[in-house]
Structure formats: structure tokens, C-alpha cells
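A.B. asks:
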Amino acid sequence: MPRVKSNVVRLKRKKQILKHAKGAFGGRSKLWKAAKETVERGWRYAYRDRKNKKRDFRRLWIVRINAAARMHDMSYSVFINGLHAAGIEIDRKVLADLAVREPEAFALIAEQVRKAIEANTAAA
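FYI, numbering that gives the first Met the number 0 numbers position 35 of the sequence shown as 34, with every residue one higher than the one before it.
1. Quick check: Ala-84 and Tyr-75, are their CB atoms within less than 8 Å of each other?
2. Ignoring anything shorter than 3 residues, give me the beta strand (DSSP E) runs that lie fully in the region 13 to 96, in order along the chain.
3. Report yes if the C-beta distance between Arg-63 and Ala-98 is below 8 Å; otherwise report no.
4. Which same chain residues end up closer than 7 Å to Arg-91 when comparing Cβ atoms and leaving out the 5 residues on each side of it in sequence?
5. Which two residues bound the contiguous alpha helix (DSSP H) that contains Arg-113?
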């Protein structure tokens, strides 16, 4: 079997890893093994946290909507149920933005939700 040194490919890979390790403390940015471990760990965290970021933002939106709904004497779950009953299709991101930046618009939506809830309870 022929001998393979893969010099060009190996050096290119090493250079890439060391470039990504820039900014790490001490030998973690200079020494091959430490740099490789640091970069790979960083990539694992980045992959995991791209997923967690979506969860975190959804939780934030729900907290903001809940706070705004309680200002209109409703809990979050009652508010969301009323939204479905009223046939209003606004996602949580937009609702949270309205709650923070446009409280008047959120108040109008809350009023429609209240009417839908009252209509549902009267019909039942």
C-alpha cells in the first residue's frame, strides 16, 4: 500500500481549526490538541444553543403576553383561548411585540378576545 502524507490537506485543516480558536485563552489558541478540543466544544455548544434560542424566545414572548393580558384582567391561557375563539391568527412573536411597543393595539385585541369569550360562555 502506498504511503500517504496528506500534507496539504492536514495543514489546511490545522490552519482552519487554529483560526477558529483565535481569542481563546493561553494554549487553547496556540496548541493543536487544546485548540481542537476548544473549537469542537464550541461548535457543540453553538449547535445546541441554536435550538435553545428558539425555546428561550418563545418563553420570553409568553411572559410578555401574560403580563399584558393580566393588565386587561385575563390570564395567558384565557387570552390565547379567546384569540382562537375570536378567530384571530397572530403568532406569539407579534403579540409580544404589540404588548411592548403598541399597548393601544394590544388593548383592542384584548377587547375582541373578551367579546369572543363572553359570546362562548353565553352560548354554552
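Every residue, glycine too, gets a C-beta built ideally from N, C-alpha and C. No experiment lies behind these values; they were computed from the predicted model shown.
C.D. replies: Inspection of the coordinates gives the following:
1. no
2. none
3. yes
4. Arg-57, Trp-60, Ile-61 and Ile-64
5. 102 to 122
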